[in-house]
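**Q** Going line by line, the protein sequences match chains A and B.
The opening position of the first sequence corresponds to residue 1 in UniProt numbering, with each subsequent residue numbered one higher.
The opening position of the second sequence corresponds to residue 1 in UniProt numbering, with each subsequent residue numbered one higher.
This structure is in structure tokens; I'll ask about it shortly.
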Amino acid sequence: MSTTTEDLLREKRRRDIPVRRRTAVYVYQAPLRVWHWVNALSITILAITGWLIANPLPSLPGEASDHFVMGYIRFFHFAAAYVFAVAFIFRIYWAIAGNSYAKQLFTLPFWRKGFWEELWHEVRWYAFKEREPRKYYGHNPLAHLFMVVIITVGGLVMMVTGFALYAEQTGLGSWQDQWFGWLIPLVGQSQDVRIWHHWGMWVIVVFVMLHVYTAIREDVMSRQSLISTMISGWRMFKDDRP
Amino acid sequence: MPRSTPETFYDVMRRQGISRRSFVKFCSLTATALGLAPSFAGKIAHAMETKPRTPVLWLHGLECTCCSESFIRSAHPLVSDVVLSMISLDYDDLIMASAGHQAEAILEEITHKYKGNYILAVEGNPPLNQEGMSCIIGGRPFVDQLREVAKDCKAIISWGSCASWGCVQAARPNPTRATPIHQVIHDKPIIKVPGCPPIAEVMTGVLTYMLTFERIPELDRQGRPTMFYGQRIHDKCYRRPHFDAGQFVESWDDEAARKGYCLYKVGCKGPTTYNACSTVRWNNGVSFPIQSGHGCIGCSEDGFWDKGSFYQHTTDTHVFGVEANADKVGLAAVGAVGAAIGAHAAYSAVHKIKQKRPESAEAHDSAGEQQ
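Structure representation (structure tokens):
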């Protein structure tokens, strides 16, 4: 998409036709923005409660019947997990119903050579080898790749492993068991699924760190808006050059 | 003694000197042990009186005999001794009186006489490397004996973790290529009764169910009877309230250990282990590992020797020859990425300032030229 736009612009410039100013594009529709922040909140809760399930807080004194700390932590984990899963299903729907930028999370132009060239340009930009980044309405290719791998594929892995573990307590024959229980013997045993789910948490935590950093950095350093775009939906460009 | 009708369980019992009264008691006890309604005692009695007995052949491969040790300590000697040793257990080279050729002859006889009608119980597993030479029974590799006896059996019971998953002799690097039964025999129904060893009452319960009802108990995805392996130890653990309350043993001699708090933080595998330990318990229902103050080590789970420490909750991951702990690597990665972000951000700021200076200088120069 962006290549064609760029090519067009380049072509126009070559012909010395004046470039029309375009400083803002409506990219992220309201439902997508709501999904983003709901997702961000649920991932935060999931990571914190998940860490606390694997590494519980220090014991409280008194009778067992006086407390329900682990019970509440697990409840919040499962509640946030359901929110994440339902939001994910909604996100699939929105990829169909929403605009073309809403489809990026589920499509990767893997076979388009230009995509990888632009991705390399973006890598060089982060390595200070390029003077400035290119402009994109949607995700830049590097972000696009990370979104698909971590949020779509990673999210699916976390949901499937998570529900398989959840099925252990809902029991044999529960819908969670019927839908996801097959995963446990496939991976090995329950402990393996736990540990892979735990590895997944770390991958997502590292991604969140990079995502937040690059979003802030791009907002400051690049030629377009990032953070405000996920709030207002409008992508603002700082210059008129192609 | 020649008979017109095939011998029933009841016939053999009476022949062994069991009174009618003891027989009825046994039937009601079995019904209770299997979690059935009292009315089933009569059905079991009827079945045992009318159905021809099913012989059980018990083979031993690479194993430590802990399954048999567990079995002969069954809390209900009536079940193990009467039903199995006296009535149906026709071959078990560990506890049978006959030996050598005499013993092997029984195997031959039963497999012919009861073709397709006997149950094969296997304790241990066959090693496949070196043509099976690491386990020789009667002068031949065990894998040959296993294949021969399995050929005409009705069903196979895999006793213990050895037969079910491979257990210690199949742990990395598994030099003899010890292989669980279901990976050697593919054409027979296999019931896995894992554990190292399995609980005696679980073993007798599964066998009694199969002998009396002439059908395989309901199995889960991994081929284990759901009646004993349908839930985790964690689900029925008497220390579960401490888990939910967030009260944990931190080290082996702390106050929490004395108070009997949950052993989750010291690596208890109860939450990932499917077995009946927390309900049936061991040694006549006296205790089970968690009750004795030690976490479950997950002995009835697949490959438990290779799944990392018994004393860690977040166990190490072993993949592609690399061993790593998710929490250690995760925290290190977060630290490294955090530091990298900080450095990148700082350099970005410096870079931007650097980039701006010559730009403004150039702009100034060009402005000067224009003037």
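For every residue, glycine included, the Cβ atom is placed at its ideal position computed from N, Cα and C.
(1) Using 9 angstroms as the threshold, is the C-beta distance between S70 (chain B) and H60 (chain B) below it?
(2) Under the assumption that G71 (chain A) contacts D244 (chain B) (Cβ atoms under 8 angstroms), give the Cβ distance between them as a whole number of angstroms.
(3) Determine, using beta carbons only, whether A333 (chain B) comes closer than 9 angstroms to chain A.
(4) Can you find the residues in the same chain that come closer than 7 angstroms, C-beta to C-beta, to residue 247 (chain A), ignoring five residues on each side of it along the sequence?
(5) Please name the residue or residues paired with E123 (chain B) in a DSSP beta bridge.
(6) Would you mind giving the Cβ-Cβ distance between S164 (chain B) and L62 (chain B), rounded to the nearest angstrom? I have them listed as a contact below 8 angstroms.
(7) Within the continuous beta strand (DSSP E) that includes I190 (chain B), where are the two ends?
(8) Could you give the residue range of the alpha helix (DSSP H) that holds E69 (chain B)?
(9) In the DSSP assignment, the beta strand (DSSP E) including L89 (chain B) goes from what residue to what residue?
(10) Select from A:N39, A:I48, A:L60 the residue whose C-alpha is nearest the C-alpha of R91 (chain A).
(11) Measure the Cβ-Cβ separation of W159 (chain B) and V184 (chain B) and say whether it is below 9 angstroms.
(12) Anyone know if the C-beta pair for E201 (chain B) and V280 (chain B) falls short of 9 angstroms?
(13) Going by DSSP, which residues form a beta bridge with V193 (chain A)?
(14) Which two residues bound the contiguous beta strand (DSSP E) that contains G26 (chain A)?
(15) Look up V143 (chain B) in the DSSP assignment and say whether it is helix, strand or coil.
(16) Let me know if G100 (chain B) comes out buried or exposed under the rule of 16 or more other beta-carbons within 10 Å of its beta-carbon.
(17) Is F23 (chain B) helix, strand or coil when you go by DSSP?
(18) On the CB-based measure, 16 or more other CB atoms within 10 Å of its CB, does H186 (chain B) come out buried or exposed?
(19) Measure the alpha-carbon distance for H77 (chain A) versus A47 (chain A) and round it to whole angstroms.
(20) Taking a Cβ distance cut-off of 8 angstroms, strictly less, list which residues of the region 157-180 of chain A are near chain B, in chain order.
(21) Given a cut-off of 9 angstroms, decide if A155 (chain B) and G166 (chain B) are closer than it, judged by their beta-carbon atoms.
(22) Should Q224 (chain A) be labelled buried (16 or more other beta-carbon atoms within 10 Å of its own) or exposed?
(23) Using a C-beta cutoff of 9 angstroms, does R131 (chain A) count as contacting chain B?
(24) Can you tell me which of A:P31, A:G138, A:S222 puts its alpha carbon nearest to the alpha carbon of V25 (chain A)?
(25) Residues of chain A with CB closer than 8 angstroms to the CB of I341 (chain B), please, in chain order.
(26) Would you report the Cα separation of R194 (chain A) and P242 (chain A), rounded to the nearest angstrom?
(27) Would you kindly check if the distance between the Cβ of L145 (chain A) and the Cβ of L105 (chain A) is under 9 angstroms?
(28) Measuring straight from C-alpha to C-alpha, what distance separates D66 (chain A) and F84 (chain A)?
(29) Helix or strand or just coil, what does DSSP make of K238 (chain A)?
(30) Measuring straight from C-alpha to C-alpha, what distance separates M159 (chain A) and T152 (chain A)?
(31) Take the Cβ of K269 (chain B) as the centre, count every other Cβ of all protein chains shown within 10 Å, and call the residue buried at 16 or more, exposed below.
(32) Pick out the complete alpha helix (DSSP H) segments inside the region 126-205 of chain A, 4 residues or longer, and give them in chain order.
(33) Could you tell me the alpha carbon to alpha carbon distance between H351 (chain B) and V322 (chain B), rounded to whole angstroms?
(34) By alpha-carbon positions, which one of A:G50, A:I216, A:F115 ends up nearest to L142 (chain A)?
(35) List, in order along the chain, the chain A residues whose C-beta lies closer than 8 angstroms to that of K356 (chain B)?
(36) Whole-angstrom Cβ separation of G295 (chain B) and V266 (chain B), contact assumed at under 8 angstroms?
**A** From the atom records:
(1) no
(2) Contact holds; Cβ gap of about 4 angstroms.
(3) A333 (chain B) counts as touching chain A.
(4) In this structure chain A extends from 1 to 242, so residue 247 (chain A) is not present and cannot be described.
(5) B:H60, B:W159
(6) Wrong, their Cβ atoms sit about 13 angstroms apart, outside the cutoff.
(7) 190-193
(8) If you look at E69 (chain B), you'll find it in the alpha helix (DSSP H) that goes 66-71.
(9) Segment 89-92, the beta strand (DSSP E) holding L89 (chain B).
(10) A:N39
(11) no
(12) yes
(13) Answer is none; V193 (chain A) lacks a bridge partner.
(14) Looking at the sequence itself, residue 26 (chain A) is Tyr, so the reference to Gly does not match. 24-26 is the extent of the beta strand (DSSP E) around Y26 (chain A).
(15) helix
(16) With fewer than 16 other beta carbons inside 10 angstroms of its own, G100 (chain B) counts as exposed.
(17) helix
(18) Per the 10 Å Cβ criterion, exposed.
(19) 8 angstroms
(20) E168, Q169, G171, L172
(21) No. Outside cutoff.
(22) buried
(23) yes
(24) A:G138
(25) M209, L210, Y213
(26) Looking at the two C-alpha atoms, the distance is approximately 48 angstroms.
(27) no
(28) 31 angstroms
(29) DSSP places K238 (chain A) in the coil class of the three-state scheme, outside both helix and strand.
(30) One Cα belongs to M159 (chain A), the other to T152 (chain A), and the distance between them is close to 10 angstroms.
(31) buried
(32) 141-146, 155-170, 175-180, 183-187
(33) 39 angstroms
(34) A:F115
(35) Simply none; closest approach about 12 angstroms.
(36) G295 (chain B) to V266 (chain B), Cβ: 6 angstroms. Contact.
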